[in-house]
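What follows is a single structure, written as structure tokens, with notes after it.
Protein chains: 2
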Amino acid sequence: MAILLYDLCAGDSQRRFSPHCWKARMALAHKGLTFETRATPFTKIKEIGGGFSPTVPVIDDGGRLVRDSFDIALYLEETYPDRPTLFAGDGGKALSRFVESWALTSVHPALLGLIIVDIHGALGAEDQAYFRRSREERLGKTLEEVQAGREARIEAYRQSWQPLCHLLALQPFLGGEGPLFADYIAFGPLQWARVVSPLGLLADDDPVAAWFDRCLDLHGGLGRSMPAAA
Amino acid sequence: MAILLYDLCAGDSQRRFSPHCWKARMALAHKGLTFETRATPFTKIKEIGGGFSPTVPVIDDGGRLVRDSFDIALYLEETYPDRPTLFAGDGGKALSRFVESWALTSVHPALLGLIIVDIHGALGAEDQAYFRRSREERLGKTLEEVQAGREARIEAYRQSWQPLCHLLALQPFLGGEGPLFADYIAFGPLQWARVVSPLGLLADDDPVAAWFDRCLDLHGGLGRSMPAAA
Chain A
54 MAILLYDLCA
64 GDSQRRFSPH
74 CWKARMALAH
84 KGLTFETRAT
94 PFTKIKEIGG
104 GFSPTVPVID
114 DGGRLVRDSF
124 DIALYLEETY
134 PDRPTLFAGD
144 GGKALSRFVE
154 SWALTSVHPA
164 LLGLIIVDIH
174 GALGAEDQAY
184 FRRSREERLG
194 KTLEEVQAGR
204 EARIEAYRQS
214 WQPLCHLLAL
224 QPFLGGEGPL
234 FADYIAFGPL
244 QWARVVSPLG
254 LLADDDPVAA
264 WFDRCLDLHG
274 GLGRSMPAAA
Chain B
54 MAILLYDLCA
64 GDSQRRFSPH
74 CWKARMALAH
84 KGLTFETRAT
94 PFTKIKEIGG
104 GFSPTVPVID
114 DGGRLVRDSF
124 DIALYLEETY
134 PDRPTLFAGD
144 GGKALSRFVE
154 SWALTSVHPA
164 LLGLIIVDIH
174 GALGAEDQAY
184 FRRSREERLG
194 KTLEEVQAGR
204 EARIEAYRQS
214 WQPLCHLLAL
224 QPFLGGEGPL
234 FADYIAFGPL
244 QWARVVSPLG
254 LLADDDPVAA
264 WFDRCLDLHG
274 GLGRSMPAAA
């Protein structure tokens, strides 16, 4: 039976942009597992498993529910050990947490401030109301105020990718010669931006852009199959 | 026969502050190997093995010379596989490179700008001349100009540790339950600052300070045995 991935969706239900859901989706593909996605608006997350999780991704593997992208990756690694590894050992598991911590502190907040109105624009009406209310409360500003003057912040955002840029002079993927879950942790936010925002964020000659391109090609072009924002 | 570690030294030859040499020293201790250090001023590095390396650390393991802290860790892992692991697998190796890239791009440059005059002050006369000339040429400013107004940059420096701070809410070491080479990569710059500069850089209640304290206790208190700058 195919694994079911509850995947955040835009108003049209086809567009999937959540960075965290993309991490889970890439992990499922990396393991070569058969899976289907279930389009899930923000305001329907509470219906999954009778309120199992406040956020997506959630997977349903034959009745077993698992939430949180990192926990999903750990679950897949443990449950399907004979499939391609997502961590390549215990050190890889521990240090993937560092990559996650780096992405969540250094990349996500800056990126959110560049695309938050674009995200809002992609949502259905009910989700828009929820998103505006919850994010404006959290950030203490209107979405438009958060995103205002974003062009002036693009260079600082590019700088936040410096650690990966430096690494890519040494090896083609975070995982070394090939991708590991750590690559998907960093892929998530770039795919988030690609799917919801027309804003060009990375310079064409940035090694991070070339690495992202390689990631879009992985697993039969899974990432690329999701259209970029026009 | 004990492994010999060529270790950058201050003017008094007892003080050892190089972040990169500390990474190698902690790696040797982690492996439980017997080693001695050879005090090496900047201006004597060229004499090691007839010009083997422009930088330290260099180790001499029974006549075999290895340079560069990361390459030394890889060498030790391969040569002494039955000793405690520095990487815990191939994923750990690949992602330790990311930790290194993060440290070199996000931590070292900011820290150098806070302590560069203190470093100069710790060196012997011949090294001082070399250090001033080479660093002023590289940075396009005098050492004093680089360090000027440093108090105003401490907060930004503290922010550069955010990824590790975030991680430490999840696990006690970068390596997970115990330290791996990745911990020593992050330990290096903090020990550098501790040994050469009296400047208080981390807040006392910063989880990074507590983790650094744990690292100072490792391997019989090896890091702590080097006195802090007064």
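Protein sequence lines correspond, in order, to chains A and B. For the first sequence, my numbering begins at 54 and goes up steadily by one. For the second sequence, my numbering begins at 54 and goes up steadily by one. Glycine included, C-beta positions come from ideal geometry on N, C-alpha and C.
Item: Select from A/I169, A/E130, A/K146 the residue whose C-alpha is nearest the C-alpha of A/S187.; Value: A/I169
Item: What do you get for B/P280, buried or exposed, if any count of 16 or more other CB atoms within 10 angstroms of its CB means buried?; Value: exposed
Item: Roughly how many whole angstroms lie between the Cα atoms of A/P94 and A/S66?; Value: 8 angstroms
Item: Taking only runs that begin and end inside the region 131 to 164 of chain A, name each unbroken alpha helix (DSSP H) of 4 or more residues, in chain order.; Value: 143 to 155
Item: Between the alpha carbons of B/F234 and A/G177, how many angstroms are there, rounded?; Value: 47 angstroms
Item: If I measure Cβ to Cβ from A/E153 and keep anything under 7 angstroms in the same chain, skipping five residues before and after, which residues do I get?; Value: F123, I238
Item: Quick one, which residues of the region 89 to 118 of chain B are near chain A if we go by CB-CB under 9 angstroms, in chain order?; Value: none
Item: Could you tell me if B/K76 is buried or exposed, where buried requires 16 or more neighbouring beta carbons within 10 angstroms of its beta carbon?; Value: buried
Item: Between B/S82 and B/H272, what straight-line distance do the alpha-carbon atoms span, to the nearest angstrom?; Value: Here the sequence assigns Ala to residue 82 of chain B, which means Ser is not the residue at that position. Their Cα atoms are separated by approximately 6 angstroms.
Item: Does B/F265 come within less than 8 angstroms of chain A when only Cβ atoms are used?; Value: no
Item: Can you give me, in chain order, the residues of the region 130 to 160 of chain B that have a beta carbon less than 9 angstroms from any beta carbon in chain A?; Value: T138, L139, F140, A141, G142, D143, G144, G145, K146, A147, L148, S149, R150, F151, V152, E153, S154, W155, A156, L157, T158, S159
Item: Determine which residues of the region 215 to 228 of chain A have a Cβ less than 9 angstroms from any Cβ of chain B, and write them out in chain order.; Value: Q215, P216, L217, C218, H219, L220, L221, A222, L223, Q224, F226, L227, G228
Item: Going by beta-carbon coordinates alone, are B/P242 and B/A156 separated by less than 8 angstroms?; Value: yes
Item: Going by CA-CA distance only, name the one from B/A80, B/K84, B/A55 that's closest to B/R91.; Value: B/A55
Item: Starting from B/A298 and walking both ways along the beta strand (DSSP E), at which residues does that stretch end?; Value: Beyond the ends of chain B as shown, which are 54 and 283, falls residue 298 of chain B; an answer cannot be given.
Item: Helix or strand or just coil, what does DSSP make of B/S231?; Value: The sequence given here places Gly at residue 231 of chain B; Ser does not occur at that position. Reduced to three states, the DSSP call for B/G231 is coil.
Item: Contact between the region 201 to 218 of chain A and the region 101 to 111 of chain A: three or more CB pairs below 8 angstroms?; Value: no
Item: For the putative contact between A/F70 and A/A175, defined by C-beta atoms under 8 angstroms, what is the C-beta separation to the nearest angstrom?; Value: 7 angstroms
Item: Which whole-angstrom value describes the C-beta separation of B/P251 and B/A283, a residue pair presumed to lie in contact below a C-beta threshold of 8 angstroms?; Value: 6 angstroms
Item: Between the C-alpha atoms of A/A80 and A/I98, what's the straight-line distance to the nearest angstrom?; Value: 21 angstroms
Item: Determine, using beta carbons only, whether A/P72 and A/W245 come nearer to each other than 8 angstroms.; Value: yes
Item: A/L167 and A/L254: beta carbons closer than 8 angstroms?; Value: yes
Item: Tell me whether B/R211 sits in a helix, a strand or coil according to DSSP, three-state version.; Value: helix
Item: Taking the straight line between their C-alpha atoms, what separation do you get for B/L227 and B/L61?; Value: 26 angstroms
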